[in-house]
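Engineer: Here the numbering used here runs 4 ahead of the position in the sequence shown, where the first position is 1.
Virtual Cβ for every residue (Gly too), placed ideally from N, Cα, C.
It should be emphasised that the depicted structure is a prediction, and the values quoted were computed from it without experimental measurement.
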Amino acid sequence: VTRPDAAPVIDALARWADVVLMSLKPPDLPRYNLGYERFAAVNPGLVYLEHIPNGPKGPLGQDGGYDVVVQGISGYGAIAGRQRGEAPEFVRPATSDMGTGFLSALAVVAALRHRDLTGEGQRVQTSLLSTAITLSNNLLNWFAATDPDVIEQFEGELGKLRASGAGFDEQKDLWRKHMVAGADTNIYFRHYRTSDGFVSVGALSPALHARFRKLLDVVDPQTREGFDHANPAHLAEAHAMVAAVEAKVASRPTEHWISVLREGGVPCGPFNFPTEVFDDPQVVANDFFVEIDHQTVGPYRTFAPPIRMDRTPTRVQSPSPTLDAHTDQVLHEIGFDGADIAALRSAGVVGAASLPEGL
């Protein structure tokens with residue numbers, strides 16, 4: 005892209021393409037003349053997806069993007085992270101990376117639909133930071149009617165904790181106490197230790213709450229009229245109830261509780277480690293993994309397309325291509341003949357060796 009003789013190839017690609025994905029650092033777009041305006045001039049119907057890691061403005065607007073950094077900025081790391089030593093651990097998998105990919109695909113489809121109706125292309129922008137904020141969901145909303153006083157109190161106590169050298173777990177416990185009311189006394193929507201592993205319970209509605217209490221023969225003081233989490237005596241009752249439920253679940257194996265809860269109509273499932281997912285009966289029954297033979301690493305299993313379609317079935321057609329695998333094929337499709345391609349390769353315009361340093 006740095007050579008003058010690359011321009012005809014880039015313009016031919018722009019005329020041929022429906023979508024261009026640009027994931028360079030923002031300063032590199034003008035540096036290599038790869039901005040939206042150049043592509044729109046060649047193909048006004050083009051959808052140009054511009055991934056700007058931290059958003060186009062602000063002190064980080066020109067920087068590259070990394071999931072661990074936006075976890076910190078967005079608050080997602082504080083919500084989902086756990087302590088490692090005295091600091092929060094990087095949340096895995098890289099949810100902002102994956103989530104931005106999904107949102108980008110949705111944005112492109114919407115832009116293509118607009119183009120189908122109007123003939124107009126457009127620039128579409130996504131960012132890791134906005135994805136991380138979105139993934140924080142209702143834990144990152146702010147309500148003028150209730151939040152200012154609570155937040156002021158929390159941030160005041162947080163400042164004192166930080167000044168005292170408190171670790172991440174202590175700081176997160178403070179956040180949960182102030183900002184996630186009832187989280188520590190929720191027996192209905194959580195993972196439990198069993199005698200041989202863990203079980204996941206998803207009783208979200210009041211009706212499911214009642215079923216869960218009946219199956220475990222538990223009385224929840226939080227259902228009592230007048231119960232107040234701010235009342236130390238009431239909160240102690242709730243904590244005692246949680247401990248009793250945890251002890252009861254821990255006394256029997258996972259399969260026992262899955263059988264009891266499913267028979268009683270309470271959503272539940274096993275808690276798998278990654279290596280156990282491949283053989284989970286529900287996963288196997290739905291073919292959520294596929295086996296692929298890769299030209300470099302050999303046979304391996306990976307996730308199947310998460311979307312199923314009747315008219316246009318989705319499937320993994322081949323392993324990921326190696327760099328430069330389809331260069332000649334694409335150049336043929338956009339009008340270059342064998343001699344042209346050979347000349348471009350010889351000049352270093354295309355091919356794996358043509359990437360400029362720093363990209």
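Does DSSP put L28 in a helix, a strand or coil?
Structural biologist: Mapped onto the sequence shown, residue 28 falls at position 24. L28 falls in the coil class under three-state DSSP.
Engineer: Going by beta carbon distance, what residues of the same chain come within less than 6 Å of L363, once the five residues before and after it are set aside?
Structural biologist: The sequence position of residue 363 within the sequence shown is 359, counting from 1. Here L363 scores only 47 on pLDDT, less than 50, and its place in the model should not be relied on; the value that follows carries that caveat. Around L363: no qualifying Cβ.
Engineer: Which ranges would you report for the alpha helix (DSSP H) in the region 170 to 241 if only whole runs of at least 4 residues count?
Structural biologist: For the region 170 to 241, whole alpha helix (DSSP H) runs of length 4 or above, ordered along the chain, are 172 to 183 and 210 to 220.
Engineer: Suppose the cutoff is 6 Å on Cβ atoms and the five residues either side in sequence are ignored; what does the same chain contact list for L132 look like?
Structural biologist: On the sequence shown, residue 132 is found 128 positions in, with the first residue counted as 1. P57, G69, V74, S100 and T104.
Engineer: Identify, in the order they occur along the chain, each residue of the same chain with its Cβ nearer than 7 Å to the Cβ of Q157, setting aside the five sequence neighbours on each side.
Structural biologist: As a first step, residue 157 must be located in the sequence shown, where it is residue number 153. Here the set comprises H182.
Engineer: In terms of residues, what are the limits of the alpha helix (DSSP H) holding T258?
Structural biologist: Residue mapping note: residue 258 aligns to position 254 of the sequence shown, counting from 1. Note, T258: alpha helix (DSSP H), T258 to E267.
Engineer: If you drop the 5 nearest sequence neighbours on each side, which residues of the same chain put their C-beta closer than 8 Å to that of A111?
Structural biologist: Here residue 111 is taken as the residue at index 107 of the sequence shown, counted from 1. Excluding positions up to five away in sequence, the list reads L53, V128 and T130.
Engineer: Where does Y304 land, buried or exposed, given buried means 16+ other C-beta within 10 angstroms?
Structural biologist: Indexing the sequence shown from 1 puts residue 304 at position 300. Result: exposed.
Engineer: Do V270 and I191 come within 8 Å of each other at the CB atom, strictly closer than that value?
Structural biologist: Here the question's residue 191 lines up with position 187 in the sequence shown. Here the question's residue 270 lines up with position 266 in the sequence shown. Contact flag unset, no.
Engineer: Considering L107, what are the terminal residues of the alpha helix (DSSP H) in which it resides?
Structural biologist: One-based indexing of the sequence shown puts residue 107 at position 103. From DSSP, the alpha helix (DSSP H) with L107 extends over T99 to T122.
Engineer: Contact defined as beta carbons within less than 8 Å: I believe L38 pairs with A44. What is the distance between those atoms, to the nearest angstrom?
Structural biologist: In the sequence shown, the residue the question calls residue 38 occupies position 34. In the sequence shown, the residue the question calls residue 44 occupies position 40. The Cβ separation is near 12 Å, so there is no contact.
Engineer: Rounding to the nearest angstrom, what Cα-Cα distance links A187 and V154 in this structure?
Structural biologist: In the sequence shown, residue 187 corresponds to position 183, counting from 1. In the sequence shown, residue 154 corresponds to position 150, counting from 1. If you take the alpha carbons of A187 and V154, they lie about 16 Å apart.
Engineer: Just reading off the alpha helix (DSSP H) that L132 is part of, what are its end residues?
Structural biologist: Taking the first residue of the sequence shown as 1, we reach residue 132 at position 128. Segment L132 to L139, the alpha helix (DSSP H) holding L132.
Engineer: Would the region 252 to 260 and the region 200 to 215 be scored as touching if the rule is three or more Cβ pairs under 8 Å?
Structural biologist: The region 252 to 260 is in contact with the region 200 to 215.
Engineer: Do you know whose CA, among D71, E90, V23 and R42, lies nearest A115's CA?
Structural biologist: Within the sequence shown, numbered from 1, the residue matching residue 115 stands at position 111. Selected option, being the one with the closest Cα: V23.
Engineer: So I262 packs on P278, CB below 8 Å; how close in whole Å?
Structural biologist: Position 258 of the sequence shown holds residue 262. Position 274 of the sequence shown holds residue 278. Rounded, the Cβ-Cβ distance is 20 Å, inconsistent with contact.
Engineer: Determine the burial state of V13: buried for a count of at least 16 other Cβ atoms within 10 Å of its Cβ, exposed for fewer.
Structural biologist: One-based indexing of the sequence shown puts residue 13 at position 9. V13 should be labelled buried.
Engineer: Can you give me the C-alpha to C-alpha distance between A240 and A109, rounded to a whole angstrom?
Structural biologist: Reading the sequence shown from its first residue, position 236 is the one you call residue 240. Reading the sequence shown from its first residue, position 105 is the one you call residue 109. When rounded, the distance between both Cα atoms is 48 Å.
Engineer: Between the region 167 to 174 and the region 225 to 240, do at least 3 Cβ pairs fall closer than 8 Å?
Structural biologist: They do not touch, by the three-pair rule.
Engineer: Report the CB separation of R349 from G355 in whole angstroms; it is logged as a contact under 8 Å.
Structural biologist: On the sequence shown, residue 349 is found 345 positions in, with the first residue counted as 1. On the sequence shown, residue 355 is found 351 positions in, with the first residue counted as 1. Indeed, because the Cβ distance is near 5 Å, the residues count as touching under 8 Å.
Engineer: With H, G and I counted as helix, E and B as strand and the rest as coil, what does DSSP make of E161?
Structural biologist: Here residue 161 corresponds to residue number 157 of the sequence shown, with the count starting at 1. Here E161 sits in helix by DSSP.
Engineer: Give the single residue among K176, D15, P317 and H336 whose Cα lies nearest to the Cα of Q87.
Structural biologist: Position 83 of the sequence shown, counted from the start, is the residue given in the question as residue 87. For the residues K176, D15, P317 and H336, the minimum Cα distance to Q87 belongs to K176.
Engineer: Helix, strand or coil for G76, going by three-state DSSP, please let me know.
Structural biologist: Sequence index remark: in the sequence shown, residue 76 carries index 72 (1-based). Helix at G76.
Engineer: Please check if any C-beta of chain C sits within less than 8 Å of the C-beta of A247.
Structural biologist: No chain C appears in the structure shown, which is made up of a single protein chain.
Engineer: Less than 6 Å between C-beta atoms, sequence neighbours within five positions excluded: which residues of the same chain meet that for L25?
Structural biologist: Mapped onto the sequence shown, residue 25 falls at position 21. L53, listed in sequence order.
Engineer: Tell me whether Y40 sits in a helix, a strand or coil according to DSSP, three-state version.
Structural biologist: Counted from its first residue, the sequence shown places residue 40 at position 36. Y40: helix per DSSP, three-state reduction.
Engineer: If distances are taken between C-alpha atoms only, which option among R35, T326, N142 and D173 comes closest to G85?
Structural biologist: Residue numbering aside, residue 85 sits at position 81 when the sequence shown is read from its first letter. Per the Cα distances, D173.
Engineer: Thinking C-alpha only, which one of V253, L33 and E90 is nearest D67?
Structural biologist: Numbered from its first residue, the sequence shown carries residue 67 at position 63. Answer by Cα proximity: L33.
Engineer: Is it the case that the Cβ atoms of V72 and F94 are separated by a distance below 8 Å?
Structural biologist: Here residue 72 corresponds to residue number 68 of the sequence shown, with the count starting at 1. Here residue 94 corresponds to residue number 90 of the sequence shown, with the count starting at 1. Yes; because the gap between Cβ atoms is below 8 Å, this pair is in contact.
Engineer: Judging by CA-CA distance, which residue of A351, M245 and E295 is the nearest neighbour of T189?
Structural biologist: Counted from its first residue, the sequence shown places residue 189 at position 185. Measuring from the Cα of T189, the nearest candidate turns out to be M245.
Engineer: What is the DSSP secondary structure of P310, counted as helix, strand or coil?
Structural biologist: Position 306 of the sequence shown, counting from 1, holds the residue named residue 310. In this structure, P310 counts as coil in the three-state DSSP scheme.
Engineer: Using the Cα positions of I338 and A329, report the straight-line distance between them to the nearest angstrom.
Structural biologist: If you number the sequence shown from 1, residue 338 lands on position 334. If you number the sequence shown from 1, residue 329 lands on position 325. Using only the alpha carbons, I get a separation of about 16 Å.
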